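Engineer: Please read through the structure below; I'll follow up with questions.
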Amino acid sequence: MPDVDDAVFEQDLAEDPTLKEDEKKGFVLSSSDGRDEPEPQVMVAGATADPVKDYLKQIGKVSLLNAAQEVELAKRIEGGLFSEEKLAKGGKISAKLLDELHWIAEDGQRAKNHLLEANLRLVVSLAKRYTGRGMLFLDLIQEGNLGLIRAVEKFDYTKGYKFSTYATWWIRQAITRAMADQARTIRIPVHMVEVINKLARVQRQMLQDLGREPTPEELATELDMTPEKVVEVQKYGREPISLHTPLGEDGDSEFGDLIEDSEAIVPADAVSFTLLQEQLHAVLDTLSEREAGVVSMRFGLTDGQPKTLDEIGKV
1 MPDVDDAVFE
11 QDLAEDPTLK
21 EDEKKGFVLS
31 SSDGRDEPEP
41 QVMVAGATAD
51 PVKDYLKQIG
61 KVSLLNAAQE
71 VELAKRIEGG
81 LFSEEKLAKG
91 GKISAKLLDE
101 LHWIAEDGQR
111 AKNHLLEANL
121 RLVVSLAKRY
131 TGRGMLFLDL
141 IQEGNLGLIR
151 AVEKFDYTKG
161 YKFSTYATWW
171 IRQAITRAMA
181 DQARTIRIPV
191 HMVEVINKLA
201 RVQRQMLQDL
211 GREPTPEELA
221 TELDMTPEKV
231 VEVQKYGREP
241 ISLHTPLGED
251 GDSEFGDLIE
261 DSEAIVPADA
271 VSFTLLQEQL
281 HAVLDTLSER
291 EAGVVSMRFG
301 LTDGQPKTLD
311 EIGKV
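Take a look at the structure:
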C-alpha cells in the first residue's frame, strides 16, 4: 500500500463519523488471560472444505486485547524496530549487547504478530460490508489484512488513539483501493472511488432520516458540492450491465435483445434508398453517356465522393 501521512487519518477521523462506528462494530473487547503469546491455532485435522469457515475458526482462537495491552505491544514493536535499525547499522557492538538487540528484535516481531492476530476479526467484520461488489470475500479479507499490517507498522501509541480505530481506517483504505483497481469493469481513480463511497454513505443516511431518496440539491448541501457535481459522481458510480444479462423467468432472452443497434439500417430507410436509386438510374438513362458521367461525378453518385468542376474537367 502507498504510504499515507497520519494527518490524513486524523482529518478523516474528524470528518467521517462512520470510522469510529465501524471500529465499535468490529468486535467486542474481552478481558485478557494474561499470557503474552497468541492462543494456539486450530489443527489441520479439524479443517473443513469451507476455507472461510476454517479461517474464521482459526482467528476466533486468539484472545482480543484491551487498550493497555495494545499500548504494551506497540512499545515492544517500537523497541524491536529500534533494535533492527541498530543491528542493520553494524559497527562495534559487544557480544552481550548484540545478544540483547537480537532478543529485543525477535520480541518486537512476536509482539507484532500478536497484535496482528488479535485484530484479524476486525478485518473480517469490515470486509463483510464490501461483499457483492466484484471481489471475492477471501480476497477482500486478504486486502484488509495488508491494511492491518500497515497499521501495525505505523501505529503511534503516544497520540492516544485506540489501535482498533487506527486499524479500521487503514483496513478500509486497503479494501477500497483494491476494489478501485480490481472490482470495477471500468477502472475509476482511487480518489473518485472515495468520493463515490462518501456520497453513497451520505445518501443512505439521508434516506433513513428523510424516509425518501434525497434530491441532488439536498445531497449537494450535505457534501458541500454543487448539484451538478453530485449528478456527475452518481453517474461515475454506476456499473455497466452486460448485454448478455438474461431477462424473464425462463431467461430465454437477453438484455441486448432490447437495445436498438444504432448502426443497423432501418428497413423503411433501406426501401426508400433502393427506390431512390432506381429513380436516379431512370433519369440518368435519359442523358448521354458523357452527361450522365458528369452528373454522377458532380454529386458523388458512383463512389459517394462529390467532385468539383475542376476535378471533373481533369478526368
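For the sequence shown, my numbering gives the first residue as 1, with consecutive numbering after it.
Note that the Cβ used here is the ideal one computed from N, Cα and C, for glycine as well.
Computed from a predicted model, the values in this text were never measured in an experiment.
Within 10 angstroms of the Cβ of V266, are there 16 or more other Cβ atoms? Answer buried if so, exposed if not.
Structural biologist: Looking at its Cβ environment, which holds fewer than 16 other Cβ atoms inside 10 Å, V266 is exposed.
Engineer: Alpha carbon to alpha carbon, how far is E232 from M192?
Structural biologist: Cα-Cα distance, rounded: 11 Å.
Engineer: If I'm right that L122 touches T176 with Cβ under 8 Å, what's the distance once you round it to whole angstroms?
Structural biologist: In fact, because the Cβ distance is near 16 Å, the residues do not count as touching under 8 Å.
Engineer: Could you check what DSSP says for E254 in three-state terms: helix, strand or coil?
Structural biologist: Strand.
Engineer: Helix or strand or just coil, what does DSSP make of L73?
Structural biologist: Residue state, collapsed to three classes: helix.
Engineer: What whole-angstrom Cβ distance do V202 and E222 have, given they're in contact under 8 Å?
Structural biologist: Rounded, the Cβ-Cβ distance is 5 Å, consistent with contact.
Engineer: Using CA coordinates, which residue listed in L126, L301 and L136 is at the minimum distance from F273?
Structural biologist: Selected option, being the one with the closest Cα: L301.
Engineer: Out of V315, G132, E254 and E78, which has the shortest C-alpha to C-alpha gap to E239?
Structural biologist: E239 has its Cα closest to that of G132, out of V315, G132, E254 and E78.
Engineer: Any heavy atom of the ligand MN closer than 7 Å to the Cβ of L98?
Structural biologist: No copy of the ligand MN appears in this structure; indeed no ligand is present at all.
Engineer: Check whether the stretch 99-114 and the stretch 124-141 touch, using three or more Cβ-Cβ pairs below 8 Å as the test.
Structural biologist: Touching, no, given that fewer than three Cβ pairs across the two stretches are closer than 8 Å.
Engineer: Within 8 Å, do at least three Cβ pairs link the stretch 64-73 to the stretch 92-106?
Structural biologist: With a cut-off of 8 Å, the stretch 64-73 and the stretch 92-106 do not count as touching, because too few Cβ pairs lie within range.
Engineer: So, is V283 buried or exposed, given that buried needs 16 or more other C-beta atoms within 10 angstroms?
Structural biologist: Burial call: exposed.
Engineer: Quick one, which of D54, P306 and M135 has its alpha-carbon nearest A178's?
Structural biologist: With distances taken between Cα atoms, A178 lies closest to M135.
Engineer: Hey, could you find the ends of the alpha helix (DSSP H) T215 is sitting in?
Structural biologist: Run containing T215: none; DSSP gives neither H nor E here.
Engineer: Under the assumption that E254 contacts L243 (Cβ atoms under 8 Å), give the Cβ distance between them as a whole number of angstroms.
Structural biologist: The Cβ separation is near 7 Å, so the contact holds.
Engineer: Put P246 into one of helix, strand or coil per three-state DSSP.
Structural biologist: Here P246 sits in strand by DSSP.
Engineer: Am I right that V230 and P216 are in contact with their C-beta atoms under 8 Å? What's the rounded C-beta distance?
Structural biologist: At roughly 5 Å, the Cβ-Cβ gap stays under 8 Å, so V230 and P216 are in contact.
Engineer: Rounding to the nearest angstrom, what Cα-Cα distance links P306 and D257 in this structure?
Structural biologist: When rounded, the distance between both Cα atoms is 38 Å.
Engineer: Measure the alpha-carbon distance for S296 versus S262 and round it to whole angstroms.
Structural biologist: Distance between the alpha carbons of S296 and S262 is about 29 Å.
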